[in-house]
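Asks:
In this note's numbering, the protein residues as written are 1469 to 1815.
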């Protein structure tokens, strides 16, 4: 980025340097962002459906170990390994050799597995946790497609990530990750802008791909499998004020596991995962908890805007009630005639 280049020039060349830079864009990498409240389950499904070998970058050592453990339970003992700076050199060498020779392995790693890695056939890079800066994300996503083949870089983004990055200054390097994840324009261009690179025609990101497919009236490939979050929101919208959060956990558990078995061959959901998703949806104001007379029941929080035709239909449906109300109001406020004194005495 311009800030990093400026600092390097100050340290190495006393601020005066002639900079020669190569093209920053990697056209064979397509950038995707999946908005989800269930990152672990989403990563398990991606490991099943996306091309391998695959790297899943995690923010902490504990996350890397936990993710690798879940993958081995789901897909077999030799399916995944974890890698971080806390391992002994012998352990690192063994894991690096395993991954280098593997054609379908998944490596769950921290940023310790990045610089100097030159495995050519990595075709999918998933970020379970977002890096602190756009430069770090580009460097880690760049592990994919070293052989020039089409590859994917997928960022998993939750409402908690959005809140964490929102606290940084909008003109700071850290805020670029929030801009990348939540933009409605081209994701590739956001990354290039963060590096101070020139504008380029997008060769692949989920937003630009979706716009092109809409123009061509084709169904988007990534929309064939509905996300777990959207499935839960649709279910709550259909059953407003019917279930409490605890009841929803019991109802949704077999339904979500049925979906996961169709994708990855086994049940990957537990009560704790659904409870965490509902908590994040409530925090993001996507759902809300009702008060009396539907105490503790869950409903969708989105405001529904009726079309003009639907408003007229709703008014026609309730016309008898409105007619009676209007007649009562007219009777109540009807002006009474003035009486003379003689008429008042006779009354």
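For each residue, glycine too, the CB sits at the ideal point set by N, CA and C.
Since the structure is predicted, the reported quantities are computational estimates derived from the model, not experimental observations.
Nearest CA to the CA of residue 1524: which residue from 1548, 1751 and 1727?
Replies: The option with the nearest alpha carbon to residue 1524 is 1548.
Asks: Grouping DSSP H, G and I as helix and E and B as strand, with all else coil, what is residue 1737?
Replies: Correct three-state label for residue 1737: coil.
Asks: Measuring CA to CA, which of 1731, 1724 and 1654 is closest to residue 1669?
Replies: Among 1731, 1724 and 1654, the Cα nearest to that of residue 1669 belongs to 1654.
Asks: When you compare each of 1482, 1758 and 1502 to residue 1627 by their alpha carbons, which one comes out closest?
Replies: Of 1482, 1758 and 1502, the residue nearest in Cα terms is 1502.
Asks: With distances taken from CA atoms, which of 1506, 1482 and 1484 is nearest residue 1747?
Replies: The shortest C-alpha separation from residue 1747 is found at 1506.
Asks: Using a 10 Å radius around the Cβ and a threshold of 16 neighbouring Cβ atoms, would you call residue 1726 buried or exposed?
Replies: Result: exposed.
Asks: Return the CA-CA distance between residue 1544 and residue 1480, expressed in angstroms with no decimal places.
Replies: Distance between the alpha carbons of residue 1544 and residue 1480 is about 49 Å.
Asks: Could you tell me the distance, in whole angstroms, from the CA atom of residue 1698 to the CA atom of residue 1745?
Replies: Spanning the two alpha carbons is a distance of roughly 11 Å.
Asks: When the distance is taken between beta carbons, is residue 1649 closer than 8 Å to residue 1625?
Replies: Their beta carbons are under 8 Å apart, which means residue 1625 touches residue 1649 by this criterion.
Asks: With H, G and I counted as helix, E and B as strand and the rest as coil, what does DSSP make of residue 1575?
Replies: Residue 1575: strand per DSSP, three-state reduction.
Asks: Run through DSSP, which three-state label would residue 1477 get?
Replies: Here residue 1477 sits in helix by DSSP.
Asks: Below 8 Å between beta carbons: does that hold for residue 1551 and residue 1530?
Replies: Going by C-beta atoms, residue 1551 is not nearer than 8 Å to residue 1530.
Asks: Indicate the three-state DSSP secondary structure (helix, strand or coil) for residue 1712 in the structure shown.
Replies: Strand at residue 1712.
Asks: State the start and end residues of the unbroken alpha helix (DSSP H) segment that holds residue 1624.
Replies: Segment 1619–1625 is the beta strand (DSSP E) holding residue 1624; no alpha helix (DSSP H) there.
Asks: Are the beta-carbon atoms of residue 1522 and residue 1574 separated by less than 8 Å?
Replies: A contact, by the Cβ cut-off of 8 Å.
Asks: Going by beta carbon distance, what residues of the same chain come within less than 8 Å of residue 1658, once the five residues before and after it are set aside?
Replies: Contacts found: 1602, 1644, 1647, 1648 and 1651.
Asks: Measuring CA to CA, which of 1633, 1728 and 1704 is closest to residue 1755?
Replies: Closest by alpha carbon: 1704.
Asks: Rounded to whole angstroms, what's the CA-CA distance from residue 1554 to residue 1560? Just pull it up for me.
Replies: Approximately 9 Å between the Cα atoms of the pair.
Asks: Just mark residue 1761 as buried or exposed, buried being the case when its beta carbon has 16 or more other beta carbons within 10 Å.
Replies: Its Cβ having fewer than 16 others within 10 Å, residue 1761 is exposed.
Asks: Counting only the same chain and skipping the five closest in sequence on each side, list residues whose C-beta sits under 7 Å from that of residue 1717.
Replies: 1739, 1742 and 1743, listed in sequence order.
Asks: To the nearest angstrom, how far is the alpha carbon of residue 1569 from that of residue 1593?
Replies: About 17 Å.
Asks: Using the C-alpha atoms, what's the distance from residue 1640 back to residue 1664?
Replies: Distance between the alpha carbons of residue 1664 and residue 1640: 14 Å.
Asks: Starting from residue 1531, follow the alpha helix (DSSP H) in both directions and report where the run begins and ends.
Replies: Residue 1531 -> alpha helix (DSSP H) spans 1529–1543.
Asks: What's the call for residue 1700, buried or exposed, on a 16-neighbour Cβ count within 10 Å?
Replies: It counts as buried.
Asks: Taking only the alpha-carbon atoms, compute the straight-line gap between residue 1542 and residue 1736 and give it to the nearest angstrom.
Replies: Cα to Cα, residue 1542 sits roughly 8 Å from residue 1736.
Asks: Using only CA atoms, which one of 1484, 1721, 1518 and 1677 lies nearest to residue 1732?
Replies: The residue with the shortest Cα to Cα distance from residue 1732 is 1518.
Asks: Is residue 1535 closer than 8 Å to residue 1576 when the C-beta atoms are compared?
Replies: The answer is yes: Cβ separation under 8 Å.
Asks: Using the three-state DSSP reduction, which class does residue 1765 fall into: helix, strand or coil?
Replies: Of the three classes helix, strand and coil, the one that applies to residue 1765 here is strand, per DSSP.
Asks: Taking only the alpha-carbon atoms, compute the straight-line gap between residue 1623 and residue 1600 and give it to the nearest angstrom.
Replies: Roughly 13 Å between the two C-alpha positions.
Asks: Using three-state DSSP, classify residue 1754 as helix, strand or coil.
Replies: Looking at residue 1754 - three-state DSSP - the assignment turns out to be coil, as it is neither helix nor strand.
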